[in-house]
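Structure, as structure tokens:
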Amino acid sequence: MDAGDDDAIGAALQSRRIPHGRSSRARGKHGKGGGGSSPAVFDPMRALGHYEVEIASKAKKSSEKQDDSDSSWLEIHELTPGEDGFLGSFMIANKLHGICILAGSRQGLASIIEDLEDQAEDSDDSGENDESHSAEAGSPNSGSDASEDGDEADRQSNEIELADERINRRARAFEKNSFRNPKFWLKYKAHVESDVQGTSSTASRALESDRGYIIFSNNACQTFDGTLSAASLGWDNVKFTGRKVRPRATPCPLTWTGFDELEIGRKAEPDEEQVH
Numbered sequence: 001m002d003a004g005d006d007d008a009i010g011a012a013l014q015s016r017r018i019p020h021g022r023s024s025r026a027r028g029k030h031g032k033g034g035g036g037s038s039p040a041v042f043d044p045m046r047a048l049g050h051y052e053v054e055i056a057s058k059a060k061k062s063s064e065k066q067d068d069s070d071s072s073w074l075e076i077h078e079l080t081p082g083e084d085g086f087l088g089s090f091m092i093a094n095k096l097h098g099i100c101i102l103a104g105s106r107q108g109l110a111s112i113i114e115d116l117e118d119q120a121e122d123s124d125d126s127g128e129n130d131e132s133h134s135a136e137a138g139s140p141n142s143g144s145d146a147s148e149d150g151d152e153a154d155r156q157s158n159e160i161e162l163a164d165e166r167i168n169r170r171a172r173a174f175e176k177n178s179f180r181n182p183k184f185w186l187k188y189k190a191h192v193e194s195d196v197q198g199t200s201s202t203a204s205r206a207l208e209s210d211r212g213y214i215i216f217s218n219n220a221c222q223t224f225d226g227t228l229s230a231a232s233l234g235w236d237n238v239k240f241t242g243r244k245v246r247p248r249a250t251p252c253p254l255t256w257t258g259f260d261e262l263e264i265g266r267k268a269e270p271d272e273e274q275v276h
């Protein structure tokens, strides 16, 4: 995604003039959450970046490596392929390391996960048909120059329509976050560094999948509060906070479906992939 797309989408979000729920005068000139200027319209690109995370004391007590200042972080890398949520990675208390998906609603989160898993299945199926498609593409084109010009014009028109739809889809996906402090539900897959006995690295690592949420203090997306659960660590809605330390995000190094391939000898819970 290039800078031109981000500029165009940012302009579209501003032009929609989405209401903010309360006037800035009622909140004060710094907007919701205080502590600095906050944009009147939520721009999802502001959420991208690397956050330093602080977890609640009861979660720290379950970690033997709590003294490492770099042991807890969250990075929101990029928008999901449908541009209706975020992909992120994280490390919590040197115990929990994995990938997460964030969306503005539970329903949206379930839809994103379903789309990602469907796309993975489709890509596997399409690989079987690559050879036949490439053979057809190798045949000579007997069309006239006029026909080629018409095809090019149609292609450009379609690209413009698709770009407009992308802008509108992204604006709709994050529209509700401009009525309140931006809140995102999340689901994650992570490796858990447990304290089981034994020297085998696979024996001491389990795959956890659970949920949580984060709420940014305002539209500037500099700080957030949230909760996270992890059954294998005994965490039930453990509170944590985040502070942005680097606004520039990097590409996500993990994939949602590919993360399952790292699992060894674990059976999924019956309702694990259902988002309520």
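Position 162 of the sequence shown, counted from 1, bears residue number 162 in the UniProt record's numbering, the numbering being contiguous throughout. Note that CB positions come from ideal geometry on N, CA and C, so glycine has one too. Note that the structure is a prediction, hence the values are computed from the model and not measured.
Boundaries (first-last residue) of the beta strand (DSSP E) holding residue i
i, result
"Asp43", "From DSSP, Asp43 is part of no beta strand (DSSP E); its letter is neither H nor E."
"Ala249", "Note, Ala249: premise wrong, no beta strand (DSSP E); not H, not E."
"Leu102", "Leu96 to Ala103"
"Trp185", "Lys183 to Glu193"
"Gly85", "Neither: Gly85 is in no beta strand (DSSP E) and is coded neither H nor E."
"Gly49", "Gly49 to Ile55"
"Glu78", "Trp73 to Leu79"
"residue 288", "Because the chain spans 1 through 276 in this model, residue 288 falls outside it and cannot be assessed."
"Gly226", "Thr223 to Ala230"
Burial state of residue i (16 or more Cβ within 10 Å)
i, result
"Pro44", "buried"
"Phe179", "exposed"
"Ser157", "exposed"
"Pro251", "exposed"
"Gly258", "exposed"
"Leu38", "Here residue 38 is Ser; the residue named in the question, Leu, does not match the sequence. That one is buried."
"Trp256", "buried"
"Ile160", "exposed"
"Ala231", "exposed"
"Ser57", "exposed"
"Leu74", "buried"
"Glu193", "buried"
Other residues of its chain near residue i: CB distance less than 7 Å, five sequence neighbours each side excluded
i, result
"Ile55", "Ser72, Ile92, Ala93, Val238 and Phe240"
"Ala135", "Confidence at Ala135 is low in this model, with a pLDDT of 49, below 50, so the placement of that residue should be treated as unreliable; the coordinate-derived value is given next. None."
"Pro247", "Gly49"
Own chain partners of residue i with C-beta closer than 8 Å, once the 5 adjacent residues on each side are dropped
i, result
"His191", "Leu96, His97, Gly98, Arg205, Ala206, Leu207, Glu208 and Leu262"
"Ile112", "Thr80, Gly82, Asp84, Gly85, Ile101 and Ala103"
"Arg46", "Pro39, Asn219, Ala220 and Cys221"
"Ser229", "Asp210, Arg211, Gly212, Trp235, Asp236, Asn237 and Val238"
"Thr227", "Gly212, Tyr213, Asn237, Val238, Lys239 and Phe240"
"Leu116", "Thr80, Pro81, Ile101, Trp256 and Thr257"
Among the options, the one whose alpha carbon lies nearest that of residue i
i, options, result
"Ile76", "Leu228, Ala231, Trp235 and Phe184", "Phe184"
"Asp84", "Leu74, Ile101 and Gly258", "Ile101"
"Arg106", "Ser38, Asp118 and Ile214", "Ile214"
"Ala40", "Pro182, Ser229, Gln119 and Gly242", "Pro182"
"residue 277", "Ala230, Arg248, Tyr188 and Phe216", "This structure leaves residue 277 out entirely; the chain is present only between 1 and 276."
"Pro253", "Leu87, Glu193 and Gly212", "Leu87"
"Phe90", "Ser217, Leu116 and Leu186", "Leu186"
"Glu78", "Arg170, Glu121 and Arg155", "Arg170"
Neighbourhood of residue i by C-beta distance below 6 Å, restricted to the same chain and skipping five residues each side
i, result
"Gln222", "Lys244"
"Ala173", "Asp84"
"Leu48", "Ile76 and Ala249"
"Val53", "Ser72, Trp73, Leu74, Phe240 and Gly242"
The ligand NAP heavy atom lying under 8 Å from the CB of residue i
i, result
"Trp235", "Looking at this structure, you won't find the ligand NAP or any other ligand, since it has none at all."
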